[in-house]
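Right, one structure below, let's go through it.
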């Protein structure tokens with residue numbers, strides 16, 4: 015009996031020591047590695063740095079249905095060689111939501127919540143071209159005697175890209191619930207008296223519920239963008255995201271959001287074009 019007791023004691027000591035070692039290592043092995051999922055946070059909206067993850071979590075723009083009454087119609091692309099303008103790819107384009115009916119009728123229509131919103135247009139022509147460019151806003155779009163409330167000559171940019179046009183404080187504010195028709199025209203061939211190349215659409219100022227308005231007043235820019243997009247408020251969603259991209263031009267998450275937003279209204283070809291100016 016004495017000859018067997020010593021090996022048994024030695025085995026128990028070794029086994030107990032190994033068990034203690036495993037127990038001491040368990041918390042270390044189970045501890046998660048920091049930085050395993052890098053992300054950026056803008057206004058509480060987390061956007062992962064991996065492009066696929068970013069697109070999977072991207073904000074959805076909920077395009078509203080058309081308002082009651084006659085369809086707004088409109089034109090979101092300039093059209094090849096229309097008005098004597100040279101071919102361009104991408105074409106002159108309004109960054110505005112649109113629908114195409116089965117009979118090929120285009121309706122360009124979007125919502126805003128502000129009294130003096132901003133519009134964005136992709137312009138393929140530069141200041142070296144002797145073209146006349148103009149933005150016009152009219153009220154009562156379905157009326158024969160529609161009243162013009164704003165007209166402004168637009169300077170062509172130094173290079174092709176997305177430009178911004180905003181209503182100044184000197185213009186009357188947009189009225190709640192009222193629709194307005196806008197035009198962006200380029201006259202490329204005045205000598206032949208050709209009709210200008212133009213873009214056209216309808217904008218309507220609306221309100222959201224008080225709880226959402228309060229949230230918009232207290233949250234960060236990218237979260238405001240998400241709220242506007244989810245509620246179908248195109249013009250503020252676009253303006254906020256454009257401003258964020260200009261302030262953070264190398265941010266991959268914002269670039270992905272921009273691509274997602276424009277792709278949601280079938281303007282994928284404009285997503286890679288530069289935003290040239292944030293000035294009204």
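Residue numbers (the working numbering): 15 to 294.
In this text, a Cβ means the ideal position worked out from N, Cα and C, and glycines have one as well.
DSSP, read as helix, strand or coil, puts residue 166 in strand.
A check of alpha carbon separations from residue 235 across 281, 219, 268 and 106 identifies 268 as the nearest. Around the beta-carbon of residue 110, 16 or more other beta-carbon atoms lie within 10 Å, marking it buried. Per DSSP, the unbroken beta strand (DSSP E) holding residue 218 starts and ends at 211-219. Relative to the Cα of residue 89, the nearest Cα in the group 145, 195, 170 and 169 belongs to 195. Distance from the CA atom of residue 190 to the CA atom of residue 246, rounded to whole angstroms, is 16 Å. When the alpha-carbon of residue 259 is set against those of 272, 166 and 211, the nearest one is in 272.
A check of alpha carbon separations from residue 86 across 193, 133 and 106 identifies 193 as the nearest.
In the DSSP annotation of this structure, the continuous segment of the alpha helix (DSSP H) that includes residue 258 starts and ends at 248-261. Cβ neighbours of residue 250 within its own chain (closer than 7 Å, five residues either side excluded): 126, 127, 128 and 242.
If you look at residue 193, you'll find it in the beta strand (DSSP E) that goes 193-201. Looking from the CA of residue 151, the closest CA among 92, 252 and 199 belongs to 199.
With contacts defined by Cβ atoms closer than 8 Å, residue 176 and residue 289 form a contacting pair. For residue 113, the uninterrupted beta strand (DSSP E) run begins and ends at 112-114, by DSSP. Boundaries of the alpha helix (DSSP H) around residue 228: 224-232.
In terms of Cα proximity to residue 80, the closest of 230, 115, 263 and 170 is 115. Here residue 123 really is in contact with residue 216; their C-beta atoms are around 5 Å apart, less than 8 Å.
With contact defined as three or more Cβ pairs closer than 8 Å, the region 135-145 and the region 220-233 are not in contact. Here residue 275 is near residue 75, since their CB atoms are less than 8 Å apart.
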